[in-house]
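In the working numbering, the protein residues as written are 7 to 185.
Glycine included, each C-beta is placed from N, C-alpha and C at the ideal position.
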Amino acid sequence: LREKALFIDFVLFGALMIMSIYHFTIFYLRRHELSALYFAFLCLCISVRILCTGETSVKIFLPELSFELHAKLIYGFLYLAGIFFTMYLRSLFLNEYPKRAYYAHLFAFIPLVLIAMFTKPLFFTKTLDFFYLVTFSSFIFSVYSIVLGIIRKKEGIYSLVLGFLLLVVTYINDILYNK
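This is the structure:
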């Protein structure tokens, strides 16, 4: 059973790393495609987090990894994913995602990353509920932006809706699994 869970973790890690490398390449070839850069970083953050959670694949390769550093990796990359998710959506919906909401979300996520980096797990693990609140708010503005995109007949909107729904289901699963 453990081997099966590890296999799934490694497949997800590999798939997300391939997506990340692909989107970094797109950005390298087309520097104006900031959405590709933000999505590449988002995939990278999620892939590293997958290695650090679940069956803790990272502990297989780094058995001497301290609990504190392990926790910092889990929380830090989760909070970084929030930043890149927000930046990615804003880059796709420049005219639909409200600028004030964008900066409010960034200014909420950035301190979370810093707290995870520079404090002890006893403190920063208590910030998870605030992260969920900010992420939920970001999802609300994302839905608002997507609805505006549908109304304005933005190109590729239906593909994005499908991907966004998958992300929301994954996010809800992550919350329920970690509670």
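From this set, the options, which residue's C-alpha is nearest residue i's C-alpha?
| i | options | result |
| --- | --- | --- |
| residue 146 | 92, 179, 158 and 121 | 92 |
| residue 82 | 117, 15 and 13 | 117 |
| residue 22 | 31, 15, 49 and 12 | 49 |
| residue 138 | 12, 33, 13 and 85 | 85 |
| residue 140 | 157, 115, 122 and 120 | 115 |
| residue 104 | 7, 66, 69 and 149 | 149 |
| residue 123 | 87, 78, 101 and 51 | 78 |
| residue 80 | 39, 119 and 14 | 119 |
So residue i packs on residue j, CB below 8 Å; how close in whole Å?
| i | j | result |
| --- | --- | --- |
| residue 99 | residue 169 | About 13 Å; that fails the 8 Å criterion. |
| residue 151 | residue 95 | 6 Å |
| residue 42 | residue 32 | 4 Å |
Does the Cβ of residue i have 16 or more other Cβ atoms within 10 Å, making it buried, or fewer, making it exposed?
| i | result |
| --- | --- |
| residue 46 | buried |
| residue 64 | buried |
| residue 172 | exposed |
| residue 89 | buried |
Contact the region 124-133 vs the region 148-164: 3+ CB pairs below 8 Å: no
Inter-stretch contact at 8 Å, needing at least 3 Cβ pairs: the region 51-70 / the region 11-20: yes
Segment contact flag, the region 59-78 with the region 107-121, C-beta cutoff 8 Å, min 3 pairs: no
In chain order, each alpha helix (DSSP H) run of at least 4 residues that lies wholly inside the region 84-133: 105-124 and 127-130
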